[in-house]
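Chemist: Just so you know, we're using the working numbering here: the sequence shown kicks off at 2 and counts up by one. In this text, a Cβ means the ideal position worked out from N, Cα and C, and glycines have one as well. Quick caveat, the model's predicted, so the values are computed rather than measured.
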Amino acid sequence: MSWQGSIEVICGPMFSGKTEELIRRVRRAQIARLKVQIFKPSIDDRYHKTQVVSHSSQAVDAQVVDNSEDIFRYLQDTTRVVAIDEIQFFDKNIIAVVNRLANQGRRVIAAGLDLDYKTIPFGPMPELLAIADEVFKIKAICTVCGNPATRSQRTVIGNKATVLVGEKEAYEARCRAHYELDEANNLSSTDLSI
Ligand code: ADP
Ligand code: MG
């Protein structure tokens, strides 16, 4: 049997369980005795520099990389499964990197935010979702009403940076009805191209 590469993308808002699902898939691959390598971008330094950690405190060791091409610097020949968390933070070159990994016969498991806090598709996510063999889109729980939540509400006012790495002090999961974009962060139509 020859190895078939593939691309799985896990997406959804903050707190939806993307990292938990990535860790679950990694653990199952390890049970199958497949060599797994886990990567995360250096921009995400919450909790721990060399681990991927979920909000429910599950953790796996990870290699931190400064850019997408660095994944090949650390990649070992015998690695069959490549897991990448917070993939939305990578540059657009991550699309070519992920494709190359899959074309080499590797299984790629990628987790990332589909939308930024303004509900604009996040960085390379649209292309990644399009080239994926399998997409797993999950929801969190709205902190206002308890319904399924598809959005990440920024609760810090007046910070316009698309990337503000943070936690419960800066973001909440919200449903469509309870998501609000505050005036200070409001967008003009030209902002939609970012
Ligand atoms: P993500 O990677 O998508 O941000 P995690 O896998 O790190 O999510 O965390 C998911 C866990 O977060 C849930 O299993 C739950 O324990 C916790 N959690 C905290 N707040 C919420 C919320 N509003 N909705 C759902 N889960 C939440
Ligand atoms: Mg996560």
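Is F16 helix, strand or coil by DSSP?
Modeler: coil
Chemist: For Q5, name the three-state secondary structure that DSSP assigns.
Modeler: coil
Chemist: DSSP three-state label for P125, please.
Modeler: Of the three classes helix, strand and coil, the one that applies to P125 here is coil, per DSSP.
Chemist: Can you check DSSP and say which residues form a bridge with S153?
Modeler: Within the DSSP bridge table, the entry for S153 names A174 as partners.
Chemist: Who does F137 pair with in a DSSP beta bridge?
Modeler: I11
Chemist: Could you give the DSSP three-state label for L23: helix, strand or coil?
Modeler: helix
Chemist: Roughly how many whole angstroms lie between the Cα atoms of V157 and R34?
Modeler: 44 Å
Chemist: Between which residues of its own chain and Y75 is the CB-CB distance below 6 Å, once the five residues before and five after are set aside?
Modeler: Q64
Chemist: Alpha carbon to alpha carbon, how far is E128 from Q59?
Modeler: 29 Å
Chemist: With a Cβ-Cβ cutoff of 8 Å, do I132 and A174 count as a contact?
Modeler: no
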